[in-house]
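**Student:**
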Amino acid sequence: MPATIDDRRPDRDDADLDAAFAALADPTRRAIVRRLTAGEATVNELAAPFAMSLPAVSKHLKVLERAGLISRRVDAQRRPCRLRTDGLDAIERYVEHTRAAWEQRLDRLEHVLTTAPEPPASSLTPSSEGTPS
392 MPATIDDRRP
402 DRDDADLDAA
412 FAALADPTRR
422 AIVRRLTAGE
432 ATVNELAAPF
442 AMSLPAVSKH
452 LKVLERAGLI
462 SRRVDAQRRP
472 CRLRTDGLDA
482 IERYVEHTRA
492 AWEQRLDRLE
502 HVLTTAPEPP
512 ASSLTPSSEG
522 TPS
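Mapped onto this note's numbering, the consecutive letters of the sequence shown carry residue numbers 392 to 524.
(1) Shorter than 7 Å, the distance from the beta carbon of Val448 to the closest heavy atom of the ligand MN, or not?
(2) Just to confirm my understanding: we take Ala411, look at its own chain, exclude 5 residues before and 5 after, and list those with CB closer than 8 Å. What are they?
(3) Within the continuous alpha helix (DSSP H) that includes Leu500, where are the two ends?
(4) In the DSSP assignment, what are the bridge partners of Ala432?
(5) First and last residue of the beta strand (DSSP E) that includes Ser444?
(6) Quick one: is Ala512 buried, meaning 16 or more other Cβ sit within 10 Å of its Cβ, or exposed?
(7) Where does Asp407 fall in DSSP's three states?
(8) If we call anything under 8 Å between Cβ atoms a contact, is Val454 one with Leu445?
(9) Taking DSSP as the reference, what is the three-state secondary structure of Arg420?
(10) DSSP three-state label for Arg464, please.
(11) Is the separation between the beta-carbon of Leu437 and that of Val424 shorter than 8 Å?
(12) Which of helix, strand or coil does DSSP assign to Ala458?
Below, the structure written as structure tokens:
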């Protein structure tokens, strides 16, 4: 039987998921992740569209890096950032699990609704019993 969301135990995947969602809760960090889907970029390149200082952008990058969503490598004087697709794995597993659980619930509901007998017509009209005259 597949596990339900209530069966889950706090573990490494939960910690990764919490960190990833917390990092992506900020619109600037989501924009940085979106930009990195096009390929690696330097801090200066990532900072260009934002009206903020390089240290402020660097703080956002550190949050994304701690969450495992990006990595930085040393390349001479530059430290290009790149998206870590494996960092998105916890989010992907969570979304897929949640989607599958809801699909199962909706499929069961559809089955109940399509196989349930029609209620008698008298049960569809309001009862006159117990109503004031």
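For each residue, glycine too, the CB sits at the ideal point set by N, CA and C.
**Tutor:** Concretely, from the data shown:
(1) Absence of the ligand MN from the depicted structure is noted, as is the absence of any ligand whatsoever, leaving it without description.
(2) A distance below 8 Å between beta-carbons, with the five flanking residues on each side excluded, links Ala411 to the following residues of its chain, in chain order: Ala458, Gly459, Leu460, Gly478, Leu479, Ala481, Ile482.
(3) Counting along the chain, the alpha helix (DSSP H) containing Leu500 begins and ends at 480 to 506.
(4) Looking at the DSSP assignment, Ala432 forms a beta bridge with Cys472.
(5) Taken as a continuous stretch (DSSP letters only), Ser444 belongs to no beta strand (DSSP E), as it is neither H nor E.
(6) Exposed is the call here.
(7) Taken through DSSP and simplified to helix, strand or coil, Asp407 comes out as helix.
(8) A distance of 8 Å or more separates the beta carbons of Val454 and Leu445.
(9) If DSSP states are grouped into helix, strand and coil, Arg420 belongs with the helices.
(10) Note: Arg464 maps to coil in three-state DSSP.
(11) Cβ distance not < 8 Å, so Leu437 and Val424 don't count as in contact.
(12) If DSSP states are grouped into helix, strand and coil, Ala458 belongs with coil.
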